[in-house]
Ligand code: NAP
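Residue numbers (our numbering): 12 to 260.
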């Protein structure tokens, strides 16, 4: 066997309206996976699902605020009923609210923790157990190199992203006997709306710390995620897969 095999799989991808999540939805759909695209606004996930469907793929869109625990739980339950199963869960939705610790508000701390980390708890709690019962599942959580090495001005974001690593490894240990894997993909600097706001000077300075001397593309992350979701990756669990052009090697 070679390449990536997907047999009648359904995936839920959060933050699929733009950037990395959009690329993950597109790559999985191109592999024949039915993709449930979740984002905060109905417009962005709707456009992604429509584009996938227009090119012959299978996708639907659902607007869910991942920071709203009860809304996530209700959406996850409803989607499990509607689709019968969700085989692949990609927790990708994320935000930044950067600032030095001395000036960071508790609201900015809480917003980043709930959107990036607590959301993983709510989705995985509902969707993970049916995966275990089915004896097959793939969970991929999109962290960041900030969560691995820290970053000045990102105490909230780095804490959330590091929390995702501990969360994922614990889930991996709980689910391993049941054929469900859980892994982290930790991107470095990737060209999306999230990094578009950085000034040209900051982007140039950042690129100097990357051995490949450039930012990555959303598709670079998407292909790593897709591999971890494929049949062939069934013996890989609890791992942190860094995709950063060599920045943190
Ligand atoms: P992005 O372009 O800003 O897109 C973020 C996506 O997440 C959007 O679709 C957005 O929905 C969705 N989202 C945000 N808050 C949400 C909420 N409360 N409920 C539901 N959906 C929500 O970001 P990105 O660069 O693709 O980043 C994707 C993930 O990769 C994030 O977890 C980020 O931390 C991580 N990451 C990114 C980089 C990078 O360099 N870009 C590096 C390391 C890690 P709408 O479309 O509705 O706004």
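Ideal Cβ placement from N, Cα and C applies to all residues, glycine included. All figures in this text were calculated on a predicted structure; none of them were measured in a lab.
Per DSSP, the beta bridge partners of residue 24 are 48 and 101. One thing to note: residue 139 has its Cβ no nearer than 8 Å to the Cβ of residue 213. Residue 102 holds the alpha-carbon nearest to the alpha-carbon of residue 195 among 76, 48, 102 and 82. For residue 259, the closest C-alpha among the options 223, 96 and 236 is that of 223. Annotation for residue 38: 230, 233, 234, 236 and 237 place their beta carbon closer than 8 Å to its own, counting only its chain and skipping 5 residues before and after. Taking a cut-off of 8 Å on C-beta distances, the stretch 117–127 touches the stretch 165–173, as three or more cross pairs fall below it.
The Cβ atoms of residue 135 and residue 187 do not sit closer than 8 Å to each other.
In the structure shown, residue 221 falls within a coil segment according to DSSP collapsed to helix, strand and coil. Within the DSSP secondary-structure output, residue 29 pairs in no beta bridge. Around the beta carbon of residue 148, a 10 Å sphere encloses 16 or more other beta carbons of the protein chains shown; the residue is thus reported as buried.
CA-CA distance, residue 245 to residue 142, rounds to 13 Å. One thing to note: residue 48 has its Cβ no nearer than 8 Å to the Cβ of residue 34. DSSP, reduced to helix, strand and coil, places residue 158 within a helical segment of the structure shown. Under the rule that a run must span 4 or more residues, the alpha helix (DSSP H) segments found entirely inside the stretch 58–135 read 80–94 and 117–124. Take residue 71, set aside five residues on each side of it, and the residues of its chain with a beta-carbon closer than 6 Å to its own are 47 and 60, in chain order.
Bridge partners of residue 252 according to DSSP: 196.
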